[in-house]
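Chains A and B supply the protein sequences, listed in that same order.
Taken in order, the first sequence gives residues 0 to 178; the numbers are from numbering that gives the first Met the number 0.
Taken in order, the second sequence gives residues 0 to 178; the numbers are from numbering that gives the first Met the number 0.
Beta carbons: idealized from backbone N, C-alpha and C, even for Gly.
Because the structure is a prediction, the values reported are computed rather than measured.
2 protein chains.
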Amino acid sequence: MVQVTLSTREAAAAKRRERERAVADGIDYGPLAEWLGFNLRMAQTASFQAFARESEDVDLRPGRFAVLTLIGRNPGISQTALSRANCRDKSTLTPVLNDLTRRGLINRTRVKKDQRSYQLTLTPAGEAMLRRLTACAERHERELDRIVGPRDRARFLHLLKKLRSELSAGVAAGQDPTG
Amino acid sequence: MVQVTLSTREAAAAKRRERERAVADGIDYGPLAEWLGFNLRMAQTASFQAFARESEDVDLRPGRFAVLTLIGRNPGISQTALSRANCRDKSTLTPVLNDLTRRGLINRTRVKKDQRSYQLTLTPAGEAMLRRLTACAERHERELDRIVGPRDRARFLHLLKKLRSELSAGVAAGQDPTG
DNA sequence: GGGAATTAGTCGGATATAAAACTGTTTGCA
DNA sequence: TGCAAACAGTTTTATATCCGACTAATTCCC
Chain A
0 MVQVTLSTRE AAAAKRRERE RAVADGIDYG PLAEWLGFNL RMAQTASFQA
50 FARESEDVDL RPGRFAVLTL IGRNPGISQT ALSRANCRDK STLTPVLNDL
100 TRRGLINRTR VKKDQRSYQL TLTPAGEAML RRLTACAERH ERELDRIVGP
150 RDRARFLHLL KKLRSELSAG VAAGQDPTG
Chain B
0 MVQVTLSTRE AAAAKRRERE RAVADGIDYG PLAEWLGFNL RMAQTASFQA
50 FARESEDVDL RPGRFAVLTL IGRNPGISQT ALSRANCRDK STLTPVLNDL
100 TRRGLINRTR VKKDQRSYQL TLTPAGEAML RRLTACAERH ERELDRIVGP
150 RDRARFLHLL KKLRSELSAG VAAGQDPTG
């Protein structure tokens, strides 16, 4: 009952034990087991966590990675265009870009022609950070490729893209309440 | 500049217009375009949003759906087992179950043998809610099936499950920082 | 039998996200 | 040309989520 705070290592070990039994327990998933939507969520969660582990010693949250890549590939992009490309609400981007600016990874410059919008570019430090994260992502992708296998990869990727494009087609599309 | 609050309808229309241009804009996705992890995230986001639209007139957030299904299929399940089955941290479940209890959709009964844990079951109202949400999910799944196509469905589902199981295999697995 | 370790659930602090409302700028059209 | 509509970005408010720490109950083992 007394429970002095566990050391970080002990706590991590306890958490690991708890989670290793995860899929065990003989749970009946019912229709969820055969539904694409549920399994898509599970796969995505697992993939994101694996990437987080892959990049845990880089000093930037993995969620920032797509943002940096998109800015790097599209220098001068506006915040709104970036939010659309990344499928996140533009209001979500404000604190993210504030943080990246504060860390000196990106520049936000006002556009002469249109004083409403910013042009986003990477700083040299941002480029360096992007290279480090890209290396992590490549390791992660090799792992995903290994699991999916070369024979099915192209088809699998095609179906993921098709889901994205056909599901958003012409519909309002509120953003992900993360469930 | 004056900008009196827009009507809900006008605001929704503006948001729709903004998002319909989403994938347009000629964005260069660079390596993201070919990476499974990024496309998995995009597809999952799109699927979740489509389900949210499908169930928008049901008075329950779509994220609650898996929880209800798992309780319905596994009456007497504990919170911890439920959190593992749903791939969410157990602390995430506390407010969710408080809410479901308050709405009279589930029962939490203390276990005689182990006074630490609860047994979760659906109430009749919970069963009814689950049936309504299941109907939405079935419509959503038919849409996903249409996009994926009958020829590839089994393979696609298999790969999603394989990703989940092999990525979590034996690893600590922190939960989704939602990025 | 009793203390140490483990487990079930909750709580507090932090981050990610979305929607709606807002400010300031630009555009379209009458 | 001038005003209404549209647009870019920010702020506010709310929810979902994780992690680490916590309380209380149980189990392990000497």
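From the listed residues Q118/A, L104/A, L92/A, D27/A, the smallest Cα separation to D58/A is found for L104/A. Nearest to V66/A by alpha-carbon distance, out of Q114/A, T93/A, E55/A, is T93/A. C-alpha of R115/A to C-alpha of G71/B: approximately 52 angstroms in a straight line. By the Cβ test, the segment 45-54 of chain A is in contact with the segment 134-151 of chain A, since at least three Cβ pairs between them sit closer than 8 angstroms. Positions of the alpha helix (DSSP H) runs, each at least 4 residues long and wholly inside the segment 63-96 of chain A, are given as 64-72, 78-84 in order along the chain. Taking C-beta separations shorter than 7 angstroms and ignoring five residues to either side along the sequence, the partners of L129/A in its chain run L67, T68, G71, L121, following chain order. Comparing alpha-carbon positions, the option among R101/A, Q118/A, Q48/A lying closest to R109/A turns out to be Q118/A.
Contact annotation, L156/A with D151/B: C-beta distance approximately 12 angstroms; criterion of less than 8 angstroms not satisfied.
DSSP, reduced to helix, strand and coil, places R107/B within a strand of the structure shown.
For the segment 110-121 of chain B, the set of residues with a beta-carbon nearer than 9 angstroms to any beta-carbon of chain A is empty. Using beta-carbon distances, D56/B does not count as an interface residue toward chain A, since no partner is under 8 angstroms.
Sequence-ordered contacts of the segment 78-90 of chain B with chain A read T79, A80, R83, A84, C86 [C-beta pairs closer than 8 angstroms]. In the DSSP assignment, T44/B falls within the unbroken alpha helix (DSSP H) covering 35-53.
Rounded to whole angstroms, the Cβ separation of K161/B and I146/A is 6 angstroms, and the two are in contact under 8 angstroms. By alpha-carbon distance to A49/B, the top candidate from L35/A, R60/A, A49/A is L35/A. Chain A places a beta carbon closer than 8 angstroms to that of T68/B, counting this residue as a contact. Using a Cβ distance threshold of 8 angstroms, A42/B and R163/A count as a contacting pair. Following the DSSP letters along the chain, one finds L162/A inside the alpha helix (DSSP H) bounded by residues 149-167.
About 29 angstroms separates the beta carbons of A84/A and S167/B, which is beyond the 8 angstroms limit, so they are not a contact pair. DSSP places L143/A within a helical segment (H, G or I) once states are collapsed to three. For S82/B, the CB contacts under 8 angstroms within the same chain, skipping 5 residues up- and downstream, are D88, K89, T91, L92 in chain order. With a threshold of 16 other beta carbon atoms within 10 Å, R101/A falls short and is exposed. For the 8 angstroms CB-CB criterion, L99/A and R63/A form a contact. Residue P61/A holds the alpha-carbon nearest to the alpha-carbon of V95/A among P61/A, P123/A, R131/A. Within chain A, the residues placing a beta-carbon under 7 angstroms from that of A42/B are L39, L159, L162, R163, ordered along the chain.
Ranking E33/A, Y28/A, R107/A by CA distance to the CA of L143/B puts E33/A first.
In the three-state scheme derived from DSSP, where H, G and I count as helix and E and B as strand, T122/A is classed as coil.
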